[in-house]
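Student: Just dropping this structure here.
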Amino acid sequence: MPRFYTVDRRGTLHEGLTLGLTRFDDVEPTALQQHLDVLFSDGVATHGEINFVNADAQFQVTDHLIELIWENVRRAHFPTAPSRFQSAFAVDTLDEARAFRTAFDPTETAKIWMVETAHDGFRANMELLRAPGTALMTSYHSHCYWSQQSPDHEVPVTWEVLLTPPIRVLGPAE
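Here it is in structure tokens:
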């Protein structure tokens, strides 16, 4: 099974934990529950709970509108790609995990865990998750992200791997 590294900025992972999807049935008003059921009938991963259902993101890399734009572009043009709202995020190497922790955890106290899943994951450049000015550029970046291609202008590259559940937490990586 493929193995990856993930940075636990929320402090919720532990050895032996299996990450899956959570199906909500208590969203109010009822119209929002019905909308959620249509979009994600199987449920959402923690990222989807925080950035789509509850909007309680404490450790954001992107904002909710970018996430929604990316999801809608994925649904319209790349339906076989995994939803960010139904994925966990990882990287391929311990060095990449350390670099992510340095960039997004100023205290650098978040643990890095090794995880495994049955799938190879979906690799995309997380640096494209930005709104660089125009709606056209945002749309272009989203299409580049989902097509796993680089834009024709300079954008840094930081690969992230979207992992679809079930994902097993093997243990601390360091």
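Note that the sequence shown covers residues 73 to 246 in this note's numbering.
Built from N, CA and C at the ideal position, the CB exists for glycine as well.
1. By the three-class DSSP mapping on this structure, what secondary structure does residue 189 have?
2. I need the DSSP call for residue 108, collapsed to helix, strand or coil.
3. Is the CB-CB distance between residue 85 and residue 94 below 9 Å?
4. Along the alpha helix (DSSP H) that carries residue 144, what are the first and last residues, could you check?
5. Quick test of your reading: residue 116 and residue 157, contact by CB under 8 Å. State the CB separation rounded to the nearest angstrom.
6. Report the rounded CA-to-CA distance for residue 125 versus residue 108, giving the unit in angstroms.
7. In this structure, what does DSSP give as the bridge partners for residue 218?
8. Return the chain-ordered list of same chain residues with a C-beta closer than 8 Å to the C-beta of residue 149, the five sequence neighbours on each side being excluded.
9. For the alpha helix (DSSP H) containing residue 89, name the first residue and the last one.
10. With C-beta atoms as the reference, is residue 213 less than 9 Å away from residue 195?
11. CA-CA distance, residue 183 and residue 239?
12. Taking 9 Å as the threshold (C-beta atoms), are residue 80 and residue 185 in contact?
13. Throw me the rounded Cβ distance for the residue 169 and residue 245 pair, which I believe falls under 8 Å.
14. Note the first and the last residue of the continuous alpha helix (DSSP H) segment covering residue 196.
15. To which residues does DSSP link residue 244 through a beta bridge?
16. Between which two residues does the alpha helix (DSSP H) containing residue 175 stretch?
17. Could you give the DSSP three-state label for residue 153: helix, strand or coil?
18. Can you list, in chain order, the residues of its chain whose CB lies under 6 Å from that of residue 237, leaving out five sequence neighbours each side?
Tutor: Reading from the atomic positions:
1. As a first step, residue 189 must be located in the sequence shown, where it is residue number 117. Correct three-state label for residue 189: strand.
2. Translated into positions along the sequence shown, residue 108 becomes position 36. If DSSP states are grouped into helix, strand and coil, residue 108 belongs with the helices.
3. Translated into positions along the sequence shown, residue 85 becomes position 13. Translated into positions along the sequence shown, residue 94 becomes position 22. No; because the gap between Cβ atoms is not below 9 Å, this pair is not in contact.
4. What you label residue 144 is simply residue 72 of the sequence shown in a count that begins at 1. That run of the alpha helix (DSSP H) goes 136-149.
5. Indexing the sequence shown from 1 puts residue 116 at position 44. Indexing the sequence shown from 1 puts residue 157 at position 85. Rounded, the Cβ-Cβ distance is 5 Å, consistent with contact.
6. In the sequence shown, residue 125 corresponds to position 53, counting from 1. In the sequence shown, residue 108 corresponds to position 36, counting from 1. Each residue's Cα considered, the two are about 8 Å apart.
7. For the purposes of this step, residue 218 is identified with residue 146 of the sequence shown, where counting begins at 1. Bridge partners of residue 218: none, in fact.
8. Within the sequence shown, numbered from 1, the residue matching residue 149 stands at position 77. Excluding sequence neighbours, residue 149 sits near 215 and 218.
9. Taking the sequence shown and counting its residues from 1, the one referred to as residue 89 is at position 17. From DSSP, residue 89 is part of no alpha helix (DSSP H); its letter is neither H nor E.
10. Here residue 213 refers to the residue found at position 141 when the sequence shown is read from its first residue. Here residue 195 refers to the residue found at position 123 when the sequence shown is read from its first residue. Going by C-beta atoms, residue 213 is not nearer than 9 Å to residue 195.
11. Taking the first residue of the sequence shown as 1, we reach residue 183 at position 111. Taking the first residue of the sequence shown as 1, we reach residue 239 at position 167. Cα to Cα, the separation comes out at about 17 Å.
12. As a first step, residue 185 is located in the sequence shown; it is residue number 113 there, counting from the start. As a first step, residue 80 is located in the sequence shown; it is residue number 8 there, counting from the start. Yes, these two residues count as a Cβ contact at 9 Å.
13. As a position in the sequence shown, residue 169 is number 97, starting the count at 1. As a position in the sequence shown, residue 245 is number 173, starting the count at 1. About 7 Å separates the two Cβ atoms, so the contact holds.
14. Translated into the one-based positions of the sequence shown, residue 196 becomes position 124. Taken as a continuous stretch (DSSP letters only), residue 196 belongs to no alpha helix (DSSP H), being part of the beta strand (DSSP E) at 194-197.
15. Stepping through the sequence shown from its first residue, residue 244 is reached at position 172. DSSP lists 185 as partners of residue 244.
16. Taking the sequence shown and counting its residues from 1, one reaches residue 175 at position 103. That run of the alpha helix (DSSP H) goes 166-176.
17. In the sequence shown, residue 153 corresponds to position 81, counting from 1. Note: residue 153 maps to coil in three-state DSSP.
18. Here residue 237 refers to the residue found at position 165 when the sequence shown is read from its first residue. Here the set comprises 91, 92 and 93.
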